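Novice: This is the structure I have questions about; it appears just below.
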Amino acid sequence: MFTGEYHHSLDEKNRLTIPSRLRQQADSEDQFVITPGLDKALFLYPLSEWKRLGKRLRSLSTLHSDARAFLRLFFSGAHPVQPDAQGRITLPQTLKEMAEIKDKIVIIGAFNKIEIWSEERWNEYYQEKRAIFEELAERIMDVEI
Numbered sequence: 001m002f003t004g005e006y007h008h009s010l011d012e013k014n015r016l017t018i019p020s021r022l023r024q025q026a027d028s029e030d031q032f033v034i035t036p037g038l039d040k041a042l043f044l045y046p047l048s049e050w051k052r053l054g055k056r057l058r059s060l061s062t063l064h065s066d067a068r069a070f071l072r073l074f075f076s077g078a079h080p081v082q083p084d085a086q087g088r089i090t091l092p093q094t095l096k097e098m099a100e101i102k103d104k105i106v107i108i109g110a111f112n113k114i115e116i117w118s119e120e121r122w123n124e125y126y127q128e129k130r131a132i133f134e135e136l137a138e139r140i141m142d143v144e145i
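Laid out in structure tokens, this is it:
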């Protein structure tokens, strides 16, 4: 399970460092898949979680145009990445542009995946959702926290 919030910058080669704590939480996996995410974020899945997600998405009916569109966009934007010895991955330019990332980024642990945000977008999103956090919890939670 991925947790935490980390602030970093891209280097001149569009590389970002996956925080060591998140790499440790990935159960020593050294391969990831980065994809377009939701809310203009990027999703970074450990390979084992990516495979589990693929199995779940197989149940979508491709007879529905929405399912076809989602699968096409999600999988066509996916890129396998492997951290180097310093824990850095290269951010594909197309995903960087999609997420409106310039240089400052926020990396968050988001349960079964890692999310990568532009710092500006994350701050806006966080302020908006933090204000209604308790209301969200009441609407979606059916377990004690």
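Oh and the sequence shown: position 97 is 97 in the UniProt record's numbering, straight run, nothing missing. Backbone N, C-alpha and C define an ideal beta-carbon position, used for all residues, glycine too. Since we're looking at a predicted model, the values are computed, not measured.
Quick one: grab the DSSP three-state call for Lys13.
Specialist: Three-state DSSP puts Lys13 in coil, outside helix and strand.
Novice: Please state whether DSSP places Leu53 in a helix, a strand or coil.
Specialist: Residue state, collapsed to three classes: helix.
Novice: Hey, Glu119 and Ile105 are a contact pair by Cβ (cut 8 Å); roughly how many whole angstroms apart?
Specialist: With a Cβ gap of about 6 Å, Glu119 and Ile105 count as contacting.
Novice: If we call anything under 8 Å between Cβ atoms a contact, is Arg21 one with Gly87?
Specialist: Not a contact, by the Cβ cut-off of 8 Å.
Novice: What is the DSSP secondary structure of Arg88, counted as helix, strand or coil?
Specialist: Of the three classes helix, strand and coil, the one that applies to Arg88 here is strand, per DSSP.
Novice: Can you grab the Cα-Cα spacing for the pair Leu47 / Asp142, in whole Å?
Specialist: Distance between the alpha carbons of Leu47 and Asp142: 30 Å.
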